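Visitor: To start, I am sharing the structure in question, which I have written as structure tokens.
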Amino acid sequence: MIVSITKIELNSYLKLIPFFKFNGQIIAELQQANCKKHKVVGSWNGKVWYTMTLWENENDINAFYRNGTHLAAMKQSAKFSSKIESRRIQNEDLIRWKEAKKLFGNN
1 MIVSITKIEL
11 NSYLKLIPFF
21 KFNGQIIAEL
31 QQANCKKHKV
41 VGSWNGKVWY
51 TMTLWENEND
61 INAFYRNGTH
71 LAAMKQSAKF
81 SSKIESRRIQ
91 NEDLIRWKEA
101 KKLFGNN
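Counting along the sequence shown from 1, when you hit position 23 you're at 23 in the numbering used here, and nothing is skipped either side.
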């Protein structure tokens, strides 16, 4: 299994509403995709967001990421953030947020 973790730092608080709109649509599509589990958490100040998804294989991840709302969001990501990072790890389940954030150098 593959855990995909993304860190998104919004450019400004004005980007929260458009971010939530895309994020809501993406979560709805995740529930219809081959994604096994997902979760999202924001920082205390609302500017940094983390998403985590669990997939059986790279083909399922790529089929989701390169289509639909997620593809549209990636094309418009520069409007929301200039700081987007992703990591993928092999694991049988989603990991704890504390562990995930350490992958980005955050404690």
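Beta carbons are placed, not taken as given, at the ideal position from N, Cα and C, and that holds for glycine. Predicted model only: the values in this text are computed from it and were never measured.
Have a look at Leu-14 and Ile-84 and give me their C-alpha separation to the nearest angstrom.
Guide: Working through the sequence shown from its first residue, we reach residue 14 at position 14. Working through the sequence shown from its first residue, we reach residue 84 at position 84. One C-alpha to the other measures close to 17 Å.
Visitor: Just verifying my parser: in three-state terms, what is the DSSP assignment at Glu-56?
Guide: For the purposes of this step, residue 56 is identified with residue 56 of the sequence shown, where counting begins at 1. Here Glu-56 sits in coil by DSSP.
Visitor: Can you list, in chain order, the residues of its chain whose CB lies under 6 Å from that of His-38, leaving out five sequence neighbours each side?
Guide: Translated into positions along the sequence shown, residue 38 becomes position 38. Leu-30, Thr-53.
Visitor: Compute the beta-carbon to beta-carbon distance between Trp-97 and Val-41, rounded to the nearest angstrom, for a pair I have assumed lies under 8 Å.
Guide: Here residue 97 is taken as the residue at index 97 of the sequence shown, counted from 1. Here residue 41 is taken as the residue at index 41 of the sequence shown, counted from 1. Right, the Cβ-Cβ distance comes to about 6 Å (below 8 Å), so this counts as a contact.
Visitor: With distances taken from CA atoms, which of Ser-82, Leu-94, Arg-66 is nearest Ile-26?
Guide: For the purposes of this step, residue 26 is taken as residue 26 along the sequence shown, with counting starting at 1. Ile-26 has its Cα closest to that of Arg-66, out of Ser-82, Leu-94, Arg-66.
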